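Step one of this worksheet: look at the structure below.
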């Protein structure tokens, strides 16, 4: 393979950030068309690929969390659960690299994914961990994001 005329590592990082931001922009939209849902899924996969090339373990965890979230929005419970599992596993490895927001979001995504898959015992376990971690959130922007991305969707689901 020939050497490209640009810094590959910088390119991976640039694409990781840009695709991540694009996917989250669509996630946070009030509504989405089918085409936008597909774009969101593709952007999340692209971001994940590029983070796997240059990111730290915590970037991998966040990428899997994003994938779980986009599949929750798309209504694909199996894929959401698959990526929630990956997010949780990487979270165990990441340990102290995780910020409170990472702990909150990994359990929030897992709770929603397990609930969507009707695995209520696991959903409740992660919802409890989510609720406990939420108590440690301090930053107003993080609290607002958690309400929009996790608490509001949880309020629309049936919990057993």
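In this note's numbering, the protein residues as written are 1169 to 1328.
Idealized CB from N, CA, C, for every residue including glycine.
Fair warning: this is a prediction, and the values are worked out from it, not measured in the lab.
Start-to-end residues for the alpha helix (DSSP H) that takes in residue i
{"i": "residue 1172", "result": "Run containing residue 1172: none; DSSP gives neither H nor E here."}
{"i": "residue 1236", "result": "1225-1242"}
{"i": "residue 1318", "result": "It is not in any alpha helix (DSSP H) - residue 1318 carries neither H nor E in the DSSP assignment."}
{"i": "residue 1204", "result": "1202-1222"}
{"i": "residue 1196", "result": "Premise fails: residue 1196 is in no alpha helix (DSSP H) and is neither H nor E."}
{"i": "residue 1285", "result": "Counting along the chain, residue 1285 falls outside any alpha helix (DSSP H), and DSSP gives it neither H nor E."}
{"i": "residue 1305", "result": "No alpha helix (DSSP H) holds residue 1305; DSSP gives it neither H nor E."}
Residue i burial status per 10 Å Cβ neighbour count (16 or more: buried)
{"i": "residue 1174", "result": "exposed"}
{"i": "residue 1274", "result": "buried"}
{"i": "residue 1189", "result": "exposed"}
{"i": "residue 1245", "result": "buried"}
Contact under 8 Å by Cβ, residue i with residue j
{"i": "residue 1258", "j": "residue 1229", "result": "yes"}
{"i": "residue 1322", "j": "residue 1278", "result": "no"}
{"i": "residue 1253", "j": "residue 1218", "result": "no"}
{"i": "residue 1232", "j": "residue 1276", "result": "no"}
Sequence-distant residues of its chain with Cβ nearer than 7 Å to residue i (five each side left out)
{"i": "residue 1262", "result": "1225, 1226, 1229"}
Nonlocal neighbours in the same chain, by C-beta distance under 6 Å from residue i, ignoring five residues either side
{"i": "residue 1239", "result": "1247, 1248"}
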